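K.L.:
The structure follows.
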Amino acid sequence: MKLHTYWRSSAAYRVRIALNLKGLECEQVFVSLIAGEQAQPGYLALNPQGLLPALEFDDGSVLSQSLAILDWLEAAHPRPPLLPADPLSRARVLEIAHVIAMDIHPVNNLRVLGALGARFGADAAARRDWMQHWMRLGFDAIEPRLPGTRYALSDAGPGLADCCLIPQVYNARRWGLDLTPWPNISAVEGACLDLPAFAAAAPEAQPDAS
Numbered sequence: 012m013k014l015h016t017y018w019r020s021s022a023a024y025r026v027r028i029a030l031n032l033k034g035l036e037c038e039q040v041f042v043s044l045i046a047g048e049q050a051q052p053g054y055l056a057l058n059p060q061g062l063l064p065a066l067e068f069d070d071g072s073v074l075s076q077s078l079a080i081l082d083w084l085e086a087a088h089p090r091p092p093l094l095p096a097d098p099l100s101r102a103r104v105l106e107i108a109h110v111i112a113m114d115i116h117p118v119n120n121l122r123v124l125g126a127l128g129a130r131f132g133a134d135a136a137a138r139r140d141w142m143q144h145w146m147r148l149g150f151d152a153i154e155p156r157l158p159g160t161r162y163a164l165s166d167a168g169p170g171l172a173d174c175c176l177i178p179q180v181y182n183a184r185r186w187g188l189d190l191t192p193w194p195n196i197s198a199v200e201g202a203c204l205d206l207p208a209f210a211a212a213a214p215e216a217q218p219d220a221s
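Heads up, the sequence shown is in our numbering, so the first residue is 12 and it goes up one at a time.
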């Protein structure tokens with residue numbers, strides 16, 4: 012398999028964590044979002060949406076969208092599990108993942124920031140305020156859902172919620188958001204970052220980090 016990725020893509024970060032947790036090796040193909048390589052014909056032939064990540068299989072087929080890739084990983088490589096078997100517990104995990112991947116991230120990604128500047132004249136301060144606003148709303152929703160376990164929803168080990176949460180916290184720190192109001196989220200971050208699977212997936216640990 013090949014993972015088309017960029018070091019600061021939080022969606023690709025989610026997949027890197029999951030691959031590490033499952034002990035799967037995957038060749039990384041680096042696509043620079045800053046250089047606009049995601050909009051080049053070669054990459055668009057793989058993923059017409061022009062977003063990261065994309066998982067390319069040995070037969071040449073491609074799967075995009077991080078949550079779809081995580082779902083495939085869980086189905087194809089069920090050990091160790093990222094989702095609990097109990098239906099309600101599973102839904103609780105997806106609830107957190109969806110707040111991040113469907114509510115925060117879509118309005119906090121690079122192309123949205125670019126549009127804010129190019130189309131609406133937002134300066135750096137306005138873009139930072141935009142980013143922090145949507146993360147704050149999302150974290151306010153997630154914090155009371157966390158029961159105080161070592162990882163997002165379990166003491167036993169990290170799961171899909173953690174795969175989504177840690178990249179989002181990384182972005183929050185990058186954009187200067189004070190995490191003091193969300194002690195549960197901060198505690199989960201600390202526990203996850205102590206694990207080799209998360210440390211190896213961190214943006215600064217990637218070969219294309221700059």
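Glycine included, each C-beta is placed from N, C-alpha and C at the ideal position.
Everything numeric in this text was worked out from a predicted model, so none of it was measured.
I'd like the ranges of any alpha helix (DSSP H) spanning at least 4 consecutive residues and lying wholly in the segment 130-193.
P.N.:
DSSP runs (the alpha helix (DSSP H)) wholly in the segment 130-193: 135-153, 171-185.
K.L.:
Just the Cα atoms here: how many angstroms apart are N31 and P214?
P.N.:
The residue you call residue 31 lines up with position 20 of the sequence shown. The residue you call residue 214 lines up with position 203 of the sequence shown. Going from the Cα of N31 to the Cα of P214 covers about 14 Å.
K.L.:
Assuming R101 contacts L94 under a Cβ cut-off of 8 Å, what Cβ separation, rounded to an integer in Å, is found between them?
P.N.:
Taking the sequence shown and counting its residues from 1, the one referred to as residue 101 is at position 90. Taking the sequence shown and counting its residues from 1, the one referred to as residue 94 is at position 83. The pair is a contact, with the Cβ atoms about 5 Å apart (cut-off 8 Å).
K.L.:
Express the C-alpha separation of S20 and F41 in angstroms, rounding to a whole number.
P.N.:
Position 30 of the sequence shown, counted from the start, is the residue given in the question as residue 41. Position 9 of the sequence shown, counted from the start, is the residue given in the question as residue 20. Spanning the two alpha carbons is a distance of roughly 11 Å.
K.L.:
If you scan the segment 28-81 from start to end, which runs of the alpha helix (DSSP H) of 4 or more residues do you find wholly inside it?
P.N.:
The segment 28-81 contains these whole alpha helix (DSSP H) runs: 52-57.
K.L.:
Give the DSSP-derived three-state secondary structure of L124 in the structure shown.
P.N.:
On the sequence shown, residue 124 is found 113 positions in, with the first residue counted as 1. In this structure, L124 counts as helix in the three-state DSSP scheme.
K.L.:
Can you give me the C-alpha to C-alpha distance between D219 and S43, rounded to a whole angstrom?
P.N.:
As a position in the sequence shown, residue 219 is number 208, starting the count at 1. As a position in the sequence shown, residue 43 is number 32, starting the count at 1. Whole-angstrom Cα-Cα distance: 8 Å.
K.L.:
Beta-carbon separation of W193 and Q143 under 8 Å?
P.N.:
For the purposes of this step, residue 193 is taken as residue 182 along the sequence shown, with counting starting at 1. For the purposes of this step, residue 143 is taken as residue 132 along the sequence shown, with counting starting at 1. No.
K.L.:
State yes or no: is the C-beta of H88 within less than 8 Å of the C-beta of K33?
P.N.:
Against the sequence shown, residue 88 aligns to sequence position 77. Against the sequence shown, residue 33 aligns to sequence position 22. It is a contact, given that the beta carbons lie within the stated cut-off.
K.L.:
Check for me: the beta strand (DSSP E) holding H15 runs from which residue to which?
P.N.:
On the sequence shown, position 4 is the one that residue 15 refers to. Where H15 is concerned, the enclosing beta strand (DSSP E) stretches over 13-16.
K.L.:
What are the boundary residues of the alpha helix (DSSP H) that includes S100?
P.N.:
Numbered from its first residue, the sequence shown carries residue 100 at position 89. It spans 98-109 - the alpha helix (DSSP H) in which S100 sits, taken as one unbroken run.
K.L.:
Less than 8 Å between the beta carbons of N58 and S75, yes or no?
P.N.:
The count along the sequence shown starts at 1 and reaches residue 58 at position 47. The count along the sequence shown starts at 1 and reaches residue 75 at position 64. Yes, Cβ-Cβ distance for N58 and S75 is below 8 Å.
K.L.:
DSSP three-state label for R25, please.
P.N.:
Translated into positions along the sequence shown, residue 25 becomes position 14. Of the three classes helix, strand and coil, the one that applies to R25 here is helix, per DSSP.
K.L.:
Could you tell me whether the segment 200-209 touches the segment 164-180, where touching means 3 or more Cβ pairs closer than 8 Å?
P.N.:
The answer is yes - the segment 164-180 touches the segment 200-209, with three or more Cβ pairs under 8 Å.
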